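This report refers to the structure that appears directly beneath it.
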Amino acid sequence: MKLQKTILITAAAQGIGYATVLRMANAGFQVIATDIDRSKLEALSHVENVHTAFLDVTNGTEIRDFVARQPAIDVLFNCAGIVHSGEVLTVSDEQLNQAWQLNVMSQVHLIQAVLPGMLSRREGCIINMSSVASSVKGVPNRCAYSISKAAVIGLTKSVAADYITQGVRCNAICPGTIETPSLQQRLSDTGDYDAARADFIRRQPMGRIGKPDEIADLVLYLSHATFTTGQIHNIDGGWSA
Ligand code: NAD
13 MKLQKTILIT AAAQGIGYAT VLRMANAGFQ VIATDIDRSK LEALSHVENV
63 HTAFLDVTNG TEIRDFVARQ PAIDVLFNCA GIVHSGEVLT VSDEQLNQAW
113 QLNVMSQVHL IQAVLPGMLS RREGCIINMS SVASSVKGVP NRCAYSISKA
163 AVIGLTKSVA ADYITQGVRC NAICPGTIET PSLQQRLSDT GDYDAARADF
213 IRRQPMGRIG KPDEIADLVL YLSHATFTTG QIHNIDGGWS A
């Protein structure tokens with residue numbers, strides 16, 4: 013019997029994905045940490061229990077071939093995603109398509125690649141990264157993002173319902189604002205970092221931005237939470253309360 017469980021994590025080179033790699037490795041998982049940023053992945057290459065690899069999640073063929081070369085995957089954390097600003101009147105088809113490919117289709121393709129193995133073992137856990145900005149809550153200036161993250165919730169519930177009797181669980185995580193490099197970039201891009209940061213903090217009832225480690229804790233919990241499937245796990249400092 014295999015004692016050490018394996019988790020595949022996308023977008024592992026920074027932010028929430030990176031924190032989750034460290035948390036899961038520390039908890040004794042064998043971690044396959046993937047990203048397109050080879051140089052940032054390098055920082056993880058010497059961590060015990062971590063194997064790093066390049067994987068572009070927008071390439072369905074690459075995903076299928078990559079998963080076929082891996083050991084049995086017990087937990088999939090679909091973390092990769094991109095944030096576009098804009099309203100329905102300003103969003104471009106290109107942005108909508110990019111959000112669809114990176115935020116939704118990547119998850120579909122990864123699930124299609126790992127699910128047959130999970131079903132054959134009658135055990136598996138899939139965790140999809142959504143957001144409070146989705147069907148959970150209307151957030152200004154996040155049209156393409158919210159459409160795609162709402163689709164992730166639909167995907168999660170669909171997969172959970174289809175395989176509920178076959179040992180595979182599927183849950184979604186919906187964070188509020190989390191301190192990551194991409195958040196730093198979004199704050200800088202506004203042209204007034206301090207005002208934008210104060211604005212983000214104001215909308216969090218707990219009065220602070222979340223930490224990647226707090227999301228990593230939820231991934232670890234869900235990997236063990238054997239009576240939970242098809243659920244939307246909001247983790248947002250009370251923003252959606
Ligand atoms: P981030 O945006 O800081 O980093 C994203 C990572 O994804 C980078 O390492 C990048 O190289 C990688 N990446 C980009 N394109 C890729 C591709 N085609 N294939 C593989 N990897 C690719 O990370 P973050 O802010 O921690 O966000 C991670 C996830 O959490 C995203 O899905 C995001 O939508 C979601 N989320 C973040 C926040 C937040 O406030 N940070 C809130 C809610 C949800």
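Going by this note's numbering, the first residue of the sequence shown is number 13, and it counts up by one from there. Every residue gets a Cβ at the ideal spot worked out from N, C-alpha and C, and that includes glycine. Keep in mind the model is a prediction, meaning the values are calculated, not measured.
Given 8 Å as the limit, tell me if residue i has its C-beta closer than that to any heavy atom belonging to the ligand NAD.
{"i": "Lys-223", "result": "no"}
{"i": "Lys-52", "result": "yes"}
{"i": "Leu-67", "result": "yes"}
{"i": "Gly-179", "result": "no"}
{"i": "Gly-93", "result": "yes"}
{"i": "Lys-149", "result": "no"}
{"i": "Ile-244", "result": "no"}
{"i": "Ala-184", "result": "no"}
{"i": "Val-144", "result": "yes"}
{"i": "Tyr-175", "result": "no"}
{"i": "Thr-168", "result": "no"}
{"i": "Gln-26", "result": "yes"}
{"i": "Ile-48", "result": "yes"}
{"i": "Ser-97", "result": "no"}
{"i": "Ser-194", "result": "yes"}
{"i": "Pro-152", "result": "no"}
{"i": "Leu-114", "result": "yes"}
{"i": "Pro-83", "result": "no"}
{"i": "Tyr-157", "result": "yes"}
Return the bridge partner residues of residue i from the DSSP annotation.
{"i": "Arg-35", "result": "DSSP lists no partner for Arg-35."}
{"i": "Phe-66", "result": "Asp-47"}
{"i": "Ala-184", "result": "Asn-140 and Ile-244"}
{"i": "Val-254", "result": "Residue 254 lies beyond the stretch modelled for the chain, which goes from 13 to 253, so this question has no answer here."}
{"i": "Gln-42", "result": "Thr-18"}
{"i": "Arg-154", "result": "Gly-98"}
{"i": "Gly-222", "result": "Ile-190"}
{"i": "Ala-173", "result": "DSSP lists no partner for Ala-173."}
Check this for me: beta carbons of residue i and residue j, under 9 Å apart or not?
{"i": "Val-33", "j": "Ala-24", "result": "yes"}
{"i": "Leu-230", "j": "Leu-122", "result": "no"}
{"i": "Ser-142", "j": "Thr-168", "result": "yes"}
{"i": "Ile-85", "j": "Thr-18", "result": "yes"}
{"i": "Ala-5", "j": "His-58", "result": "Here the chain comprises residues numbered 13 to 253, so residue 5 is not present and cannot be evaluated."}
{"i": "Gly-29", "j": "Cys-91", "result": "yes"}
{"i": "Val-100", "j": "Trp-251", "result": "no"}
{"i": "Asn-61", "j": "Ala-80", "result": "no"}
{"i": "Ile-190", "j": "Pro-224", "result": "yes"}
{"i": "Gly-136", "j": "Val-126", "result": "yes"}
{"i": "Arg-220", "j": "Ala-208", "result": "no"}
With a cut-off of 8 Å on the beta carbons, I'd call residue i and residue j a contact; round off their distance for me.
{"i": "His-245", "j": "Ala-156", "result": "That pair is no contact at about 23 Å."}
{"i": "Ile-138", "j": "Val-180", "result": "7 Å"}
{"i": "Arg-35", "j": "Leu-234", "result": "With a Cβ gap of about 12 Å, Arg-35 and Leu-234 do not count as contacting."}
{"i": "Gly-249", "j": "Gly-203", "result": "Gly-249 to Gly-203, Cβ: 25 Å. No contact."}
{"i": "Cys-182", "j": "Ala-172", "result": "4 Å"}
{"i": "Thr-52", "j": "Gln-26", "result": "The residue asked about is misnamed: residue 52 is Lys in this sequence, not Thr. Going by Cβ atoms, the distance from Lys-52 to Gln-26 rounds to 6 Å, so yes, they are a contact pair."}
Under a CB-based cut-off of 9 Å, is residue i close to chain C?
{"i": "Asp-68", "result": "Absent from the structure: chain C. Only one protein chain is present."}
_Stretch pair the region 104 to 124 + the region 161 to 181: three plus CB contacts closer than 8 Å_ = Yes: the two stretches touch, three or more of their Cβ pairs being nearer than 8 Å.
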